[in-house]
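First comes the structure, then the notes that go with it.
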Amino acid sequence: MENINAHQHELLVNYSKAKNRLHLIDYDGTLAPIQPHPRLATPSTELKELLSTLAKDSANRIVVISGREKQNLEQWLGDLPITLAAEHGGFYKEPDQSWQTFFPDPTEWKEKTYAVLEALVSQFKGSFIEEKHYSIAWHYRALANKISEQDKEEIFAVIRSLSTNDEFLLYDEDCTVELRTPGVDKGK
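Heads up, the sequence shown is in the working numbering, so the first residue is 257 and it goes up one at a time.
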């Protein structure tokens, strides 16, 4: 793969000539740094100004995609003229419109998994649960160095045993174990 820097001038020329530009931008880890607790991932003033400036160019369409809940995105970025996609694309909102979804609500699996995640919170003090519409996440960043690979393998085995008929998918990223409704992802 060639170094992108070798093509920087060409990219800038093509960008300036484009009549329509779609900017798909991830929130956590891209626009805002990963934080110890999700509620701390608020956007900076500079970030909001940058997004606003990009959105003012009529050739640009700005879409911020996030695993955050729609309420968080609405509070943090809802005043900007940009499209928001919350819960990994489970919900989306055009500027000055209400939230929409592409997906049905098959989340019955959350009831039977919640007790297991609560047990993890009891066993691993400092961890916590974050429940969203299409997912449940167990956050263990505060004690990541205290959870061994063997602990994680055992935790995943127990959680996987709860899924019948592939009711949810299991993700382990950034010290977070997330159980999510199949099909709900940023790529969709």
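Cβ atoms here follow ideal geometry from the backbone N, Cα and C, with glycine treated the same way.
Query, Result
"I need the straight-line Cα distance from residue 432 to residue 418, nearest angstrom please.", "18 Å"
"Could you name the residues of the same chain whose beta carbon sits closer than 7 Å to that of residue 311, not counting the 5 residues immediately before and after it, in chain order?", "318, 336, 337 and 338"
"What is the residue span of the beta strand (DSSP E) that residue 316 lies within?", "316-321"
"Which residue wins for smallest C-alpha separation from residue 414, given the options 404, 421 and 426?", "426"
"In the DSSP assignment, find the unbroken beta strand (DSSP E) run with residue 266 in it and report its ends.", "Looking at the DSSP string, residue 266 is not in any beta strand (DSSP E); the run it does join, the alpha helix (DSSP H), is 264-273."
"Are there 16 or more other CB atoms within 10 angstroms of the CB of residue 259, so buried, or fewer, so exposed?", "exposed"
"List in chain order: all unbroken beta strand (DSSP E) runs of 3+ residues lying wholly within the stretch 383-434.", "384-387, 391-395 and 425-429"
"Please name the residue, chosen from 384, 430, 441 and 364, that lies closest to residue 421 on a Cα-to-Cα basis.", "364"
"Let me check understanding here. Comparing Cα to Cα, which of 429, 273, 375 and 441 lies closest to residue 390?", "441"
"Apply the 10 Å Cβ neighbour rule to residue 435 and answer buried if 16 or more other Cβ atoms are within range, or exposed otherwise.", "buried"
"When burial is assigned at 16 or more other CB atoms within 10 Å of the CB, is residue 396 buried or exposed?", "buried"
"Go through its chain and collect everything with a Cβ distance to residue 289's Cβ below 7 Å, but skip five positions before and after it.", "none"
"So the alpha helix (DSSP H) residue 366 belongs to, where does it begin and stop?", "365-379"
"Assuming residue 403 and residue 370 are in contact, meaning their beta carbons sit under 8 Å apart, how far apart are those beta carbons, in whole angstroms?", "Contact doesn't hold; Cβ gap of about 20 Å is too wide."
"Among all the DSSP beta bridges, which residues are the ones paired with residue 278?", "317"
"Under the rule that 16 or more other beta-carbon atoms within 10 Å means buried, what is residue 320, buried or exposed?", "buried"
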